[in-house]
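Here the structure is laid out as structure tokens; the discussion comes afterwards.
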Amino acid sequence: MYDVYGIIGDPVSHSLSPVMHNLAFRELQIKAVYGAFRVKKEELLQAIEAIKVLGIRGVSVTIPHKESIISYLDEVSEVCRVIGAVNTVVRREGKLVGYNTDWIGVMRAFEARGVDLKGKRVVIIGAGGASRAVIYACKKAGVSKIVLYNRTWERSRKLAQEFALEAKPWEALDQAEGDIIIQTTSVGLKSKESPISSETLKNFSIAMDIVYLPLKTKFLEDAEKRGLLTIDGLQMLLYQGVEQFKLFTGLEAPVKLLEEALYDEVKKIEKELKLG
Ligand code: NAP
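Next comes the structure, spelled out in structure tokens:
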């Protein structure tokens, strides 16, 4: 008997989670398979019922269900309530329990590059769902200051109030400064755009982009040219997946193997989509 896991979301056709989890299952000789299930926004409740009825052991959750799934689960971790999103569901003694590993993905991506977030002044661009996990990670790691910039002021104002940080107007982004800058908007996804001028990046020493298609976004390309240490979005994806695998199986995933496979896969997708 094989255990079944999967990802639910829409779209999921280019999801890298099946690559990661299936490879880890094979490598650790675990009898399990991981599939990609396209679940439309209005089909979430049916999908939850299906997970229960079919005995699916765990799922990754992506757009557009990360927030809405919270109210359908039997239990969710406290962190999910603070971040307002679930990206992992595990069946535990018949109950569906929600977790969030995105924030751990952010922390471990910095750790893996030898960056200690403690005491750093951080600028975050974007106030969407992913930004919340980034903010949580930064706070948990003990940064000294966070300044938030978002195109829609009302959204950043609210988020800043909720997490007790500073928000500045989008128009002031070109005067941003600090130690680390983290790009969390969807600008640069499958395009050659950056939300910030290359000139401003010289006010920082480390840049992370959470977008990973293309792997080297315009934002990261500019940062690299300015001599910053850069961290791409695949690192966050890798480490949130590694943590998810631990929740699914209780085991450590083979990180280096998964990392290589992810980078190979993204390069293939870049070619297919003519990016990069
Ligand atoms: P979201 O909730 O829809 O938020 C989108 C954010 O992008 C908002 O801050 C939005 O600003 C901003 N934005 C969109 N278009 C813009 C534009 N033209 N100019 C300026 N700002 C713009 O999305 P999300 O879930 O946070 O995801 C954001 C990105 O992160 C996506 O590309 C996603 O693929 C990526 N991501 C990566 C990982 C990973 O593991 N590496 C994990 C999660 C997400 P407004 O508020 O003004 O609309």
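Residue 26 is where the sequence shown starts when you use our numbering, and the numbers rise one by one after that. Note that the Cβ used here is the ideal one computed from N, Cα and C, for glycine as well.
Cβ neighbours of residue i in the same chain (closer than 8 Å, five flanking residues each side left out)
i	result
Val107	Tyr161
Span of the beta strand (DSSP E) around residue i
i	result
Leu121	120–124
Gly83	83–86
Tyr59	57–63
Arg116	113–117
Leu79	Taken as a continuous stretch (DSSP letters only), Leu79 belongs to no beta strand (DSSP E), being part of the alpha helix (DSSP H) at 69–79.
Tyr174	170–174
Glu191	191–193
Gly144	Counting along the chain, Gly144 falls outside any beta strand (DSSP E), and DSSP gives it neither H nor E.
Asp234	231–234
Asp28	28–34
Chain-order list of residues whose beta-carbon lies under 6 Å from that of residue i (same chain, five-residue window excluded)
i	result
Tyr124	Ser102, Thr113, Leu272
Val37	Ala61, Arg63
Phe188	Ile160
Trp128	Ala158, Tyr161, Ala162
Cys105	Val111, Gly123, Asn125
Leu98	Leu121, Gly123
Gly304	The question about residue 304 has no answer, for the chain in this structure spans 26 to 301.
Ser11	Nothing about residue 11 can be reported from this structure: the residues present for the chain run from 26 to 301 only.
Phe50	Ala57
Cβ shell of residue i (< 7 Å), same chain only, five flanking positions each side left out
i	result
Ile33	Phe62, Val64, Ala72, Val84, Val86, His90
Arg138	Leu254, Ile256
Asp247	Ser219, Ser223, Leu226
Leu214	Val236, Leu238
Leu245	Ala232, Asp234, Thr255, Asp257
Gln269	Ser85, Thr113, Thr126
Integer-rounded CB distance, given that residue j should sit under 8 Å from residue i
i	j	result
Lys21	Tyr27	Because the chain here runs from 26 to 301, residue 21 falls outside it and cannot be looked at.
Val168	Ile207	With a Cβ gap of about 10 Å, Val168 and Ile207 do not count as contacting.
Glu295	Leu240	7 Å
Glu290	Leu53	The pair is not a contact, with the Cβ atoms about 19 Å apart (cut-off 8 Å).
Ala155	Thr242	14 Å between Cβ atoms; not a contact.
Leu198	Ile221	6 Å
Boundaries of the alpha helix (DSSP H) in which residue i is found, first to last residue
i	result
Gly258	258–274
Tyr161	154–165
Ile294	280–297
Gln208	Per DSSP, Gln208 belongs to no alpha helix (DSSP H); it is in the beta strand (DSSP E), 205–208.
His46	42–52
Any non-hydrogen atom of ligand 2 closer than 7 Å to residue i Cβ
i	result
Gly258	Inclusion of ligand 2 in the displayed structure is not the case, the ligand content consisting of ligand 1 alone.
Contact between the stretch 256–270 and the stretch 64–71 (3+ Cβ pairs under 8 Å): no
Touching by the beta-carbon criterion (3+ pairs, under 8 Å), the stretch 174–184 and the stretch 275–288: no
For review: beta carbons within less than 7 Å of any heavy atom in ligand 1: Ile88, Asp127, Gly130, Gly151, Ala152, Gly153, Gly154, Ala155, Ser156, Asn175, Arg176, Thr177, Arg180, Thr209, Thr210, Ser211, Val212, Leu214, Pro220, Ile235, Val236, Tyr237, Gly258, Leu259, Met261, Leu262, Gln265
Three-pair Cβ contact test at 8 Å for the stretch 187–201 versus the stretch 127–143: no
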